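Trainee:
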Amino acid sequence: MCSLLAEVEGGRVGRITGDPEQPFTAGFACAKVGRDAELVHSPERIRTPLRRTGKKGEGHFAPITWDEALEEITGRWRQIIAEAGPLAILGYAYSAHQGQLNRGLLLGLFHALGTSRLLAGTVCDTCCEEAWNMTVGPIGGADPESVADSDLIVAWGADLVATNVHFWAKAEAARRRGVPIVVIDPRKSRTARLADTHLQLRIGTDAALALGVMHILERDGLVDRDYIGVQTHGFERLAGEVLPHFPPQRVAQITGLSGAEIEAFAAQYGAAKRSFIRIGEGMTRLARGGEALRAVALLPGVTGAYGRRGGGALLMTAASCELNYDAIRKPSGPAETRLVNHSRLGDALLAMTDPPLHALFVAANNPAVTCPDAGAVRRGLAREELFTVVHDPFLSVTARYADIVLPAATYLETADLYRAYGTYYVQYGRAAVPPQGDAWSNFRLAQELAQRMGLTDPIFRTPAEAAIAELLRGAKGMAATLDRAAVRDGRPQRIAPPEGGQEFRTPSGRLEFYSQQLAAAGHAPMPDWQPDPREIEDRARWPLRLLTAPGYFQAHTAYAGVGFLRRREGEPFCVLHPDEATRRDLADGDRVRLFNERGAVGLALRVSDEVVPGVVLVPGQRPDGETLAGTINMLCADRYTDLGDGATYQSTFLDIARWPLDEAPPT
Ligand SMILES: Nc1nc2c(c(=O)[nH]1)N[C@H]1C(S)=C(S)[C@@H](COP(=O)(O)OP(=O)(O)OC[C@H]3O[C@@H](n4cnc5c(=O)[nH]c(N)nc54)[C@H](O)[C@@H]3O)O[C@H]1N2
Ligand SMILES: Nc1nc2c(c(=O)[nH]1)N[C@H]1C(S)=C(S)[C@@H](COP(=O)(O)OP(=O)(O)OC[C@H]3O[C@@H](n4cnc5c(=O)[nH]c(N)nc54)[C@H](O)[C@@H]3O)O[C@H]1N2
Ligand SMILES: [Mo]
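Quick note on this note's numbering: the sequence shown kicks off at 126 and runs consecutively.
See the structure below:
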């Protein structure tokens, strides 16, 4: 969450800058957000509600009024509920760039209606979050501003220059004081190229590296016995049963790093008192991602860094923002319902029974591009009898499959309360400009649909300001200290945890090397590194492994409607190591086809040593229309991670060939 200043002139958004008064945003906005005037005023925005006139997916629509659209939607929903019950509707709103009211109240609508609900977040953070919760507990990590006091900074699977420029700015400031920056990433990201040390390990081997570092710390007497004794649980068992299996030679074999690199990093980490690990999510979007995250999140417990300001680890901060979310998200309705996992949306649309899904509502998500097995999602969306409504500022690929498309307001056109997931701030943001065209905010849409569906919960008639008061009522932890008047004033509110070391919210109240909760749920109680059998099988059939990473000038597809940023990001491409390219007689700039048993996509080729042989990197998820054909997620597996039922984009194996090919794609 950035704190932004938007200049407005003549009803139009002009320059957008970071608020210099908010210490983390510190006066600058990233390359994407700085262009949000072009997002708001993009000529590609949908101006009115639309009804489909062509085939699903074709994108032919005719304008209708809001009243016609809402009548049709609520009429169809009422009919479906009468005939098949509310579970035949799948309603969801995902994240986009919204605050708690706009994201939450659509969820509240479907909660109150008792429809099937989406287990959201599995494409993003459920795996890493579950792993963190089992290790540290459901609480935020180290304060990113404390990095001013760090003596070592580790970006572990986080491309800070792309996804966290404000943290990167703090890291650079620390480096000017002589603090080294280490990047642990399978590719030479921009962040890796700027770092002091880059450990270019193999994809999915982080647990082995972290356990190998612990092995050396234990061997060399660099563990903080006092801290371990008081603040952690189960280290002795890990040291006795797991760490002996991770001597440097074996870790080198697994990770592809040299023994010297591993020794040097362990010595550096062991010598540091206030080491700060910024953990990214990318390393958890694969089969054994949960285990990887657990192992990395345990490291600062071995040296006691969790106990010192400037030390510890940060995955996310959001869990420490304990607002009264239920007031918005769960006004009434059944506590339990049928859940659909984001990663198997296609399956659910195609094969769910008792009852099958007859209606789908999507807001702030573009599953036809961003979900795993996007081909299956599209086959599901193409079902003629599925009544689909999409609420979006743009005619996304998903919206092209809708029966009714509703124009959505962006965050600059609506008031909301924003909670950060990478910093410890909360802020009320007013609307900078009114909704463009006939756009409605999610909040307004949820209230109108709820009223027309006959829901009587007061929250569906509460103005935004009063709804924010509901979020604050009964807030816990640091969020309980939020002053309503100060929040209403619109200034950033800091809710950082009190000083005094990382709090642990596990059952033992300590950092859990050994987790009884995991054991009880049938998982390994301690982290380990094992090869994944299905990955080994897939690897035998396909020569390349997919590495995905966020685009620099695109955030998923949310900026696909900003021409400038599309051009800055460039033609959708993949990256292959020179050896792999030479072997296939492919050259930089060629057009290529990436394929596996799920499908094929067409992209431009860049040949570079950014990745090692055996890997193909595809940054971002560019919608078809920008690519030569398809979208990368058509190739991605829909299996789940070891923890949290998350998406496994990077457990995808594939091959590459010249584009186009004369023969039919091999399957
Ligand atoms: N510019 C930009 N910013 C964004 C987004 C965007 O799309 N574009 N998306 C936003 C969203 S929704 C999210 S969730 C966050 C995500 O932000 P981050 O968590 O920082 O990004 P990740 O997706 O985790 O990817 C970071 C790095 O992980 C590396 N990686 C991949 N596999 C492995 C592995 O096995 N081990 C290790 N050590 N590293 C690995 C990738 O090469 C990549 O450089 O970013 C947000 N910010
Ligand atoms: N291959 C691959 N796939 C990935 C990832 C990866 O690393 N690799 N990362 C995954 C991650 S971390 C995430 S979070 C997901 C993101 O997946 P999505 O949530 O599908 O991502 P966006 O492209 O941000 O989609 C948001 C949609 O919401 C619309 N929108 C923006 N603002 C608003 C609003 O205020 N109201 C409404 N109603 N709509 C709005 C945008 O126009 C866009 O169409 O993608 C996942 N997919
Ligand atoms: Mo995400």
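Glycine included, every Cβ here is placed at the ideal spot set by N, Cα and C. Fair warning: this is a prediction, and the values are worked out from it, not measured in the lab.
#1: Put T773 into one of helix, strand or coil per three-state DSSP.
#2: Using a Cβ-Cβ cutoff of less than 7 Å, which residues in the same chain neighbour G239 once the five nearest sequence positions on both sides are dropped?
#3: With which residues is V502 paired in a DSSP beta bridge?
#4: Beta carbon of M126: closer than 7 Å to some heavy atom of ligand 1?
#5: Under the rule that 16 or more other beta-carbon atoms within 10 Å means buried, what is F519, buried or exposed?
#6: For the 8 Å Cβ check, are there 3 or more pairs between the stretch 259 to 268 and the stretch 487 to 500?
#7: Would you report the Cα separation of E196 and L570, rounded to the nearest angstrom?
#8: Give every residue of the same chain whose Cβ lies closer than 8 Å to the Cβ of R203, excluding the five residues on either side of it in the sequence, and list them in chain order.
#9: Between the Cα of Y450 and the Cα atoms of G229, N567, P480, which residue gives the shortest distance?
#10: Determine contact between the stretch 527 to 543 and the stretch 693 to 701, defined as no fewer than three beta-carbon pairs at a distance below 8 Å.
#11: D144: which of Q618, R312, G216 sits nearest, CA to CA?
#12: Among A209, A154, P748, which residue has its Cα nearest to the Cα of T478?
#13: Say whether the stretch 712 to 719 touches the stretch 646 to 664, bearing in mind that this needs 3 or more beta-carbon pairs closer than 8 Å, one atom from each stretch.
#14: Identify every residue that forms a DSSP beta bridge with C699.
#15: Please work out which residues of its chain come closer than 6 Å, Cβ to Cβ, to F486, disregarding the five sequence neighbours upstream and downstream, and give them in chain order.
#16: Using a Cβ-Cβ cut-off of 7 Å (strictly less than) and excluding sequence neighbours within five positions of S220, which residues of its own chain qualify?
#17: May I ask you to list the residues that DSSP assigns as paired with T673?
#18: If you compare alpha carbons, which of R666, A621, D713, R302 is closest to T442?
#19: When the Cβ atoms of the stretch 502 to 514 are set against those of the stretch 466 to 484, are three or more pairs found closer than 8 Å?
#20: Candidates L244, A154, Q223: which alpha carbon is nearest L537's?
#21: Give me the residue from F371, G246, A280 with the minimum Cα distance to L470.
#22: Looking at the structure shown, is V367 part of a helix, part of a strand, or coil, going by DSSP?
#23: Could you tell me the distance, in whole angstroms, from the CA atom of T606 to the CA atom of P623?
#24: Take the Cβ of K157 as the centre, count every other Cβ of all protein chains shown within 10 Å, and call the residue buried at 16 or more, exposed below.
#25: What number of angstroms, rounded off, separates the C-alpha of Y677 from the C-alpha of F186?
#26: State the beta-bridge partners of H358 as determined by DSSP.
#27: Using a Cβ-based criterion (distance less than 7 Å to any ligand heavy atom), does D250 qualify as near ligand 3?
#28: Could you please give me the residues that DSSP links to Y765 through a beta bridge?
#29: In the DSSP assignment, what are the bridge partners of S400?
Mentor: From the atom records:
#1: In the sequence shown, residue 773 corresponds to position 648, counting from 1. Coil at T773, not helix or strand.
#2: As a first step, residue 239 must be located in the sequence shown, where it is residue number 114. Cβ neighbours of G239 beyond the five flanking positions: P211, G458, P459, T462.
#3: As a first step, residue 502 must be located in the sequence shown, where it is residue number 377. V502 is not bridged to any residue.
#4: Within the sequence shown, residue 126 is the residue found at index 1, counting from 1. No, since every heavy atom of ligand 1 falls outside the 7 Å radius drawn around the Cβ of M126.
#5: As a first step, residue 519 must be located in the sequence shown, where it is residue number 394. Classification of F519: buried, given that the 10 Å Cβ count is 16 or more.
#6: no
#7: Looking up residue 196 in the sequence shown gives position 71. Looking up residue 570 in the sequence shown gives position 445. Computed Cα separation, rounded: 13 Å.
#8: Position 78 of the sequence shown, counted from the first residue, corresponds to residue 203. Cβ within range, chain order: M578.
#9: To locate residue 450, count along the sequence shown from 1; it is residue 325. Of the listed residues, the one whose Cα sits closest to Y450 is G229.
#10: no
#11: Taking the first residue of the sequence shown as position 1, residue 144 is located at position 19. For the residues Q618, R312, G216, the minimum Cα distance to D144 belongs to Q618.
#12: Locating residue 478 in the sequence shown gives position 353, where the first residue counts as 1. It is A209.
#13: no
#14: Position 574 of the sequence shown holds residue 699. Bridge partners of C699: L730.
#15: For the purposes of this step, residue 486 is identified with residue 361 of the sequence shown, where counting begins at 1. Answer for F486: G216, V514, listed in chain order.
#16: To locate residue 220, count along the sequence shown from 1; it is residue 95. Once the five neighbours on either side are set aside, the close Cβ partners of S220 are R228, A489.
#17: As a first step, residue 673 is located in the sequence shown; it is residue number 548 there, counting from the start. DSSP output for T673 lists V743 as bridge partner(s).
#18: For this step, residue 442 is matched to residue 317 along the sequence shown. For T442, the nearest C-alpha among the options comes from A621.
#19: yes
#20: Along the sequence shown, one-based indexing puts residue 537 at 412. Cα-wise, what sits closest to L537 is Q223.
#21: Working through the sequence shown from its first residue, we reach residue 470 at position 345. Closest option to L470, Cα to Cα, is G246.
#22: Locating residue 367 in the sequence shown gives position 242, where the first residue counts as 1. Three-state DSSP puts V367 in coil, outside helix and strand.
#23: Locating residue 606 in the sequence shown gives position 481, counting from the first residue. Locating residue 623 in the sequence shown gives position 498, counting from the first residue. Distance between the alpha carbons of T606 and P623: 12 Å.
#24: Numbered from its first residue, the sequence shown carries residue 157 at position 32. Result: buried.
#25: Reading the sequence shown from its first residue, position 552 is the one you call residue 677. Reading the sequence shown from its first residue, position 61 is the one you call residue 186. Each residue's Cα considered, the two are about 32 Å apart.
#26: Working through the sequence shown from its first residue, we reach residue 358 at position 233. In the DSSP output, where bridge partners are listed per residue, H358 has E637.
#27: As a first step, residue 250 is located in the sequence shown; it is residue number 125 there, counting from the start. Yes, ligand 3 has a heavy atom inside 7 Å of this Cβ.
#28: Residue numbering aside, residue 765 sits at position 640 when the sequence shown is read from its first letter. According to DSSP, which records beta bridges pairwise, Y765 is partnered with A772.
#29: Here residue 400 corresponds to residue number 275 of the sequence shown, with the count starting at 1. The partner list for S400 (beta bridge, DSSP) reads L277.
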